[in-house]
Structures are given as C-alpha cells and as structure tokens.
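Residue numbers (the numbering used here), protein chains in the order written: chain A, 1 to 361; chain B, 362 to 662.
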Amino acid sequence: MAHIQLKNISKTFGNHTALSNLNLDIADGEFFVLLGETGAGKTTTLRMVAGLEKPTEGQVFIDGVDVADWGAAERDVALVLQQYSLYPRYTVRQNLEFPLKPKIRRLPEAEIKDRIARAARTLRIEHLLDRKTDRLSGGEMQRVSIGRAIVRKPRVFLMDEPLSALDAKLREALRTELKNLQMQLGATFLFVTHDQIEAMSMGDKVGVLNHGRIVQMGTPHEIYNNPRDTYVASFVGSPPMNLIDGRLVNDRAVMAPMNFELPLSGGTRTGGATDGRPLVFGIRPEDVYLESGAPVEAQVHDVENHGVEKIVTLRVGDTMLRATVPARTAVAIEQPVRFAWNPDKVVLFDKGSGVSLRHAG
Amino acid sequence: MATTMITTLDRSSRAAARGLSDISIRNLFIIPTILFLIVFNIFPLIYSLGYSFTDFRASTNAPANFVGLQNYRDLLNDPYVWSNFAITAKYVIISVAGQLFVGFGVAMLLNRDIPLKGFITTLLLLPMMLSMAVVGLFWKLLYDPSWGVINYALGLGNFEWLADPRMALYAVALTDIWMWSPFVMLLSLAGLSAVPKHLYEAAAIDRAGPFYTFFRITLPLVAPILMIAVIFRTMEAFKTFDLAYILTSQPTAELISIRLYKMAFQEWQTGRSCAMAYIVLIMVLAITNIYVKYLNKVKER
Numbered sequence: 001m002a003h004i005q006l007k008n009i010s011k012t013f014g015n016h017t018a019l020s021n022l023n024l025d026i027a028d029g030e031f032f033v034l035l036g037e038t039g040a041g042k043t044t045t046l047r048m049v050a051g052l053e054k055p056t057e058g059q060v061f062i063d064g065v066d067v068a069d070w071g072a073a074e075r076d077v078a079l080v081l082q083q084y085s086l087y088p089r090y091t092v093r094q095n096l097e098f099p100l101k102p103k104i105r106r107l108p109e110a111e112i113k114d115r116i117a118r119a120a121r122t123l124r125i126e127h128l129l130d131r132k133t134d135r136l137s138g139g140e141m142q143r144v145s146i147g148r149a150i151v152r153k154p155r156v157f158l159m160d161e162p163l164s165a166l167d168a169k170l171r172e173a174l175r176t177e178l179k180n181l182q183m184q185l186g187a188t189f190l191f192v193t194h195d196q197i198e199a200m201s202m203g204d205k206v207g208v209l210n211h212g213r214i215v216q217m218g219t220p221h222e223i224y225n226n227p228r229d230t231y232v233a234s235f236v237g238s239p240p241m242n243l244i245d246g247r248l249v250n251d252r253a254v255m256a257p258m259n260f261e262l263p264l265s266g267g268t269r270t271g272g273a274t275d276g277r278p279l280v281f282g283i284r285p286e287d288v289y290l291e292s293g294a295p296v297e298a299q300v301h302d303v304e305n306h307g308v309e310k311i312v313t314l315r316v317g318d319t320m321l322r323a324t325v326p327a328r329t330a331v332a333i334e335q336p337v338r339f340a341w342n343p344d345k346v347v348l349f350d351k352g353s354g355v356s357l358r359h360a361g
Numbered sequence: 362m363a364t365t366m367i368t369t370l371d372r373s374s375r376a377a378a379r380g381l382s383d384i385s386i387r388n389l390f391i392i393p394t395i396l397f398l399i400v401f402n403i404f405p406l407i408y409s410l411g412y413s414f415t416d417f418r419a420s421t422n423a424p425a426n427f428v429g430l431q432n433y434r435d436l437l438n439d440p441y442v443w444s445n446f447a448i449t450a451k452y453v454i455i456s457v458a459g460q461l462f463v464g465f466g467v468a469m470l471l472n473r474d475i476p477l478k479g480f481i482t483t484l485l486l487l488p489m490m491l492s493m494a495v496v497g498l499f500w501k502l503l504y505d506p507s508w509g510v511i512n513y514a515l516g517l518g519n520f521e522w523l524a525d526p527r528m529a530l531y532a533v534a535l536t537d538i539w540m541w542s543p544f545v546m547l548l549s550l551a552g553l554s555a556v557p558k559h560l561y562e563a564a565a566i567d568r569a570g571p572f573y574t575f576f577r578i579t580l581p582l583v584a585p586i587l588m589i590a591v592i593f594r595t596m597e598a599f600k601t602f603d604l605a606y607i608l609t610s611q612p613t614a615e616l617i618s619i620r621l622y623k624m625a626f627q628e629w630q631t632g633r634s635c636a637m638a639y640i641v642l643i644m645v646l647a648i649t650n651i652y653v654k655y656l657n658k659v660k661e662r
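What follows is the structure, encoded as structure tokens:
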C-alpha cells in the first residue's frame, strides 16, 4: 500500500495542454476519486501514476520516492481500464494467472491457485473460471479485469472509468463491491470517473478536475455542500445545484430580472457579501420547498417522476429552477405554485469569477 | 423478354435502352471468364487425368494405350522420384521457415514509430514484385564464383554456390527467402498492427517481461495470419520451378517440378508425367488441407 503524491505536474501533447500545475496527495489506504468531464485530463493523470505516460513537468512520488525513471512494472500498480483489456484467447483463469506467472517473480503454484480462488470468490466469478474471455458479458469481463488487478498485491489500484461501459443495475452492484473490496484490502485506490454519483458514493476524497486543473478537493460531503465555484456546483449533483443571478439587499436575496426576494440566514453570509454586490445564489434542488404560504410564486414548467421523488422545474419569469419534492406531491404542468428555500443552505458565488464567497475567504 | 424481368438497372441507362437486363449484363461479364477457365484450366485438368492412365507420348503419332495404374505404380516405386520429393520437402521447409523468420522479424522491427516507415516498407516490398526469372538471372550473377558480388563481399574467394552439389539447394532457397520474405512481412505487419495497444499496456502493468509479452500476447494474436502466410508460401515453394531451373542444374537441387518438366518435355513421357502431376497435386492439396484445419483451430482458440 502506498502514499501517492503528484507535485506540480504539467503535461502537454503537442500544443494541447492536458494538465497544468496539478497537485495531488492521496493518503495510504484512501479511496480517491478524480472527477471530471471527458477530456479534463483524468486518464492522463492516471496513466502518469501508472508510468505509461511521462509528465512534461513535475514529479510523481510513491511512498516519498520520485518514480520518474520507473517503468510501469517497477511501480507495482494495478490498472483497470474501461475497455477491460482482457487477454484474448485465454480463459478467465489464464487471465487471472497472467500477472502471477512472469518468471522473475514466479509464485509457488499453490499460492497462485489460492489467490485466484480468493479473487474469484470476492468477485463472484468462480463459475466462469474455465470460460474463454470472449464468451463473457460486459459485466463479467469487467469483473475479470478487476480480478486481474486484485490477484496481485499492488501498491496502488488505478481504475479508469471501469464501470462506465456497464448497464445501470450492474454499475450499482459493482460500485458497492468495489467499495467493499477497497475496505477489505485497505488498499489505496485512484479511481477516475465522469459520473458524479460514483464519486459521491465511493470516494473518501474527491478531486474535481476541469481543463487540466484541480478545481476542488475534499470529501464528497464538502464538495456537495460547499462547492468552491459554480463549475463544481453545476457539475456535482443530479439534478445540479440551481444557480440564480441576483444581489444582496438588506440580508435578502433579490433576484435580478423578476425581482423576487428570498430570505438568507446569517450562517450563509460572509464578510464579502456586502449589500448590492452582484452574486450568484446556489441552492440544491432538495433545499427548495413547495408550500402554499411560501414567499414566491412560480409556474410549474416540467415534472420528472423518479419514483421516490419528483423533480419539478419551476419558472419565475425567465428563471428556471429545480426542486426535488416527494413523489406524492400533486403538481401539474403550468399550475401556479409557491416556493421557498432553506436559507441555511444557500451558497453565495461571486458573479464575475464564479468562486464561492466562503472559499474566497 | 428483358422488359418483363425484375431488374435493378436504371431504366434510362443506355444498357436498358438496348434491352439488356442486369442478369444479361452479369452473364456478359461472367461467361467469357468461365469459358476461359474451362478451356485452359478445367479441360486440360480432366484431359490430363485421362492421359495419366495411358502410355501416351506427345512426340510420336503412336496411339495411346490404356495402362491402368501402371504409371502411378512405377512412379511411386521409383527411388529417383522419391529423392526428388525429399529434395522438394527440404527446400520447402528451409525456404518457408527462412521467410517466416526474416519476414516476421523485419515486421517486428517495423512495427513502431520510425521515420520514413512507409518508404522503408515500400522498398522492402520490391523483391516480391520482380519476376521470378529476373530474380533468378540476377542472383546467378550475384552468386557467380569468380566475379559475383556475394563472394566478393563475404570474402569467400571462388566459393561455388550453385555448382557445389551440397550448396545448390540452399542457394536457391536463399534466393527464394530474399524474394518472398517481404510477403510474410506484409502479412505480419497487418497482424501486428491489429494487436490493440492497450493489451501491451495491460501486460506492462502486469509486469510481464518482453519475452513473456511476445509469447503470451503478440504471437497468439498474430498466429492466424502467420498461418495464412505459411499456407501461401508452402504452396508456392512446393511448385517452385523457374527460380531453381534458372539458377542451377545440380541434381541435388532437382525439385519435383523440374523433374516433372524434364519428364514431360525432354523425355516426352506425357502419360507418366501427367500421373506425376496428379501425385503432386494431391500432395499439395493434402498439405494445404492440414494447414487449413490447423488454421481453423488456431482461430477458434
């Protein structure tokens, strides 16, 4: 197990900058999720830790040792890729044996057997061991590919969107399995994904990557409740945080075009929030309530039924905002409703830079 | 009537105006080829099968007598013919193995990012595009004991490449390897570039060494296409005639096709040579069948 550090990493491909000045610190035994959109530089970061890619600038440390000159083999990492990369023409067992068989560190036969049996049991692929890999379903292939990582005892597990090619049910199941696995092994995980649900549900720590820069790093709770800027606020969460332009007048949020007003509580205010300053108010959909006596009137623009809850899109003039309400709430499209928000949960962002006032300090 | 037929032909086209349907156009293209095949391939094939059971000699006017399986019996009991087969087998093995080794080796070297890769590949393919006779004549000059470039470059003095009975067959095989390795290289390159890069990365992560990676990943994935190269080259090498005929007249390098040629056109034993040709044909078919069976097995794995 290992402690991974990336210091001032930059990476350019030709004149395209994939990563700029990236700093990461992944503690031993931590499940670290790198979250970002396609092309944000997640995979590049991962490949750099794996030793498949060299940083243009900066250093990678594993357990405090600069590994710049180490190849993938010496770094002793395990990598699970989105496209599985199972070895074709081999059975599942042969695939699992592969990392254990090279001559240099050949293990005794009994040990190999034992490890494969244990990995197969953990991933519930025991019945597939003698099957050829091309006769497997996507989910089974991905389990085998995870299995190939865990039969070894690598210092770090690197996972590049291992679940994104799977269907929803399986993704959920494997999410739990992976998290349990990590806790059982006490292993360091670097997990790359564009799916914020995966990041929220699995990560001990989440790093949000945007255009090759880490925008925010913290526990899923911090990222969700206290996003550093409007990018994180709108990227994390489904549906995303409502972001409404407005200004502060006498401790109340006044929304610009339609001039509707909502109260703020003292807790959300910081020194930077002076009267009249143009701001963006962020509020999670679950903190928006529909109540008959609430201060603002809106039209129901759209209703999405999710079973346990409904996501209602409200329209006030040109401003749209979403509210998550219990499924039993009866709403119809174009019906007038009244809403309020939880004044303790409002996040204030600077209008120009998009940075949260709490983080700007 | 052409107009009543179901046709996909454009009705305003000139062909349609002339009353042609697409079926008649298809026939127009196919029938000449089929006729050609029948007249020049299938008919002689069957006709020669008939001759193979007779003592027919094309050089005389004497009528052909039916002799049953006598020709086949004689040929298969003839130790000289068997020695020709042994020579041919040796030649096929040396030449195909050499081509496989050189061709695949060069393909491995070329399968990476190097400057002028396309240009180098094209240059390496040139030998394959020459005519057999031209290659034979040129290599005869290269092998020449007194002023040949090979002896000069290797400092071998007056070494007899083609006149030495022990060396002649190897010299012919060497020429064949030079000429046809590019073919194996081309097929291998196609196979190698089809191996997904992420497998190599996965192997590197799994800490497999270069040999382990080669034998466990590269070779199994390229094997089917290599098998195809081997089938083609074996068939070709088995019927090598021109190259060996031009290069040497050593009896130790007398391949089965040369023996066949001599039997048919120097000794004029037409009936017997037909029988011989059939024996060779059956052998080639048998060997090819074994390969194809094996190829299918490789593919299934």
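Every residue gets a Cβ at the ideal spot worked out from N, C-alpha and C, and that includes glycine.
{"query": "Three or more C-beta pairs below 8 Å linking the segment 169-183 of chain A and the segment 193-205 of chain A", "result": "yes"}
{"query": "Short-range partners of chain A found in the segment 576-609 of chain B, where Cβ spacing is below 8 Å", "result": "R577, I578, P581, L582"}
{"query": "Closer than 9 Å at the beta carbon, the chain A residues around R620 of chain B", "result": "Chain A residues near R620 of chain B: none, gap ~43 Å exceeds 9 Å."}
{"query": "Reduced DSSP category for D525 of chain B - H, G, I as helix; E, B as strand; rest coil", "result": "coil"}
{"query": "Simplified DSSP assignment, three categories, for Q216 of chain A", "result": "strand"}
{"query": "CB contact check: R252 of chain A to chain B, cutoff 8 Å", "result": "no"}
{"query": "Member of B:A551, B:I592, B:L437, B:D416 whose CA lies at the smallest distance from the CA of N650 of chain B", "result": "B:I592"}
{"query": "Cβ neighbour criterion (16 or more within 10 Å) applied to E615 of chain B", "result": "buried"}
{"query": "Length of the line joining the Cα atoms of L357 of chain A and V280 of chain A", "result": "10 Å"}
{"query": "Whether I538 of chain B touches G466 of chain B by CB criterion (8 Å)", "result": "no"}
{"query": "Euclidean distance between Cα positions of G147 of chain A and V33 of chain A", "result": "20 Å"}
{"query": "V151 of chain A burial status per 10 Å Cβ neighbour count (16 or more: buried)", "result": "buried"}
{"query": "Range covered by the alpha helix (DSSP H) that runs through E111 of chain A", "result": "109-123"}
{"query": "Outcome for L528 of chain B when other beta-carbon atoms lying within 10 angstroms are tallied against a minimum of 16", "result": "The identity of residue 528 of chain B in the sequence shown is Met, whereas the question assumes Leu. M528 of chain B should be labelled buried."}
{"query": "Proximity test, Cβ basis, 8 Å: L79 of chain A and chain B", "result": "yes"}
{"query": "Residues near M362 of chain B in its chain [Cβ-Cβ closer than 8 Å; skip 5 each side]", "result": "Low per-residue confidence applies at M362 of chain B: pLDDT is 42, beneath 50, and the placement is therefore not dependable, though the value from the model is reported in the following sentence. So no residue of the chain qualifies."}
{"query": "Cβ distance (whole Å) where M469 of chain B is taken to contact W541 of chain B below 8 Å", "result": "Wrong, their Cβ atoms sit about 18 Å apart, outside the cutoff."}
{"query": "Presumed contact (8 Å Cβ cut-off) between F189 of chain A and M159 of chain A, rounded CB distance", "result": "7 Å"}
{"query": "Residue nearest to T133 of chain A in terms of C-alpha spacing, selected from A:A27, A:Y84, A:F191, A:D69", "result": "A:Y84"}
{"query": "is_contact[R568 of chain B, chain A] using C-beta, thresh 8 Å", "result": "yes"}
{"query": "Nearest-angstrom beta carbon gap, R620 of chain B and V442 of chain B [assumed within contact, 8 Å]", "result": "7 Å"}
{"query": "Partners in chain B for S85 of chain A, counting only beta-carbon separations shorter than 8 Å", "result": "P557, H559, L560, E562, A563"}
{"query": "For E521 of chain B and N432 of chain B, the rounded distance between their alpha carbons", "result": "37 Å"}
{"query": "Contacts that Y433 of chain B makes with chain D (C-beta to C-beta distance below 8 Å)", "result": "Judged by its chain identifiers, the structure shown contains no chain D, and its protein chains are A and B."}
{"query": "Supposed close pair L209 of chain A, K42 of chain A - CB separation, criterion 8 Å", "result": "6 Å"}
{"query": "From B:K558, B:I586, B:Y606, B:A638, residue whose alpha carbon lies closest to that of N657 of chain B", "result": "B:I586"}
{"query": "For F61 of chain A, the first and last residue of its enclosing beta strand (DSSP E)", "result": "57-62"}
{"query": "Cutoff 8 Å: P99 of chain A Cβ touching any chain B Cβ", "result": "yes"}
{"query": "Whole-Å CB distance - V92 of chain A paired with R131 of chain A, under 8 Å assumed", "result": "6 Å"}
{"query": "Those residues which DSSP pairs with E222 of chain A across a bridge", "result": "According to DSSP, which records beta bridges pairwise, E222 of chain A is partnered with nothing at all."}
{"query": "Rounded straight-line distance, which links the Cα of D371 of chain B to that of T364 of chain B", "result": "Since pLDDT at T364 of chain B reaches only 47, below the 50 mark, its modelled position is unreliable, and no value is offered."}
{"query": "Cut-off 7 Å between Cβ atoms - residues of its own chain near E30 of chain A, not counting five sequence neighbours on either side", "result": "T188, D204, K205"}
{"query": "Three-state secondary structure assigned by DSSP to E297 of chain A", "result": "strand"}
{"query": "Residue(s) in a DSSP beta bridge with V206 of chain A", "result": "A:V33, A:G218"}
{"query": "Within-8 Å CB hit, A50 of chain A to chain B", "result": "yes"}
{"query": "For P88 of chain A, the three-state DSSP class (helix, strand or coil)", "result": "coil"}
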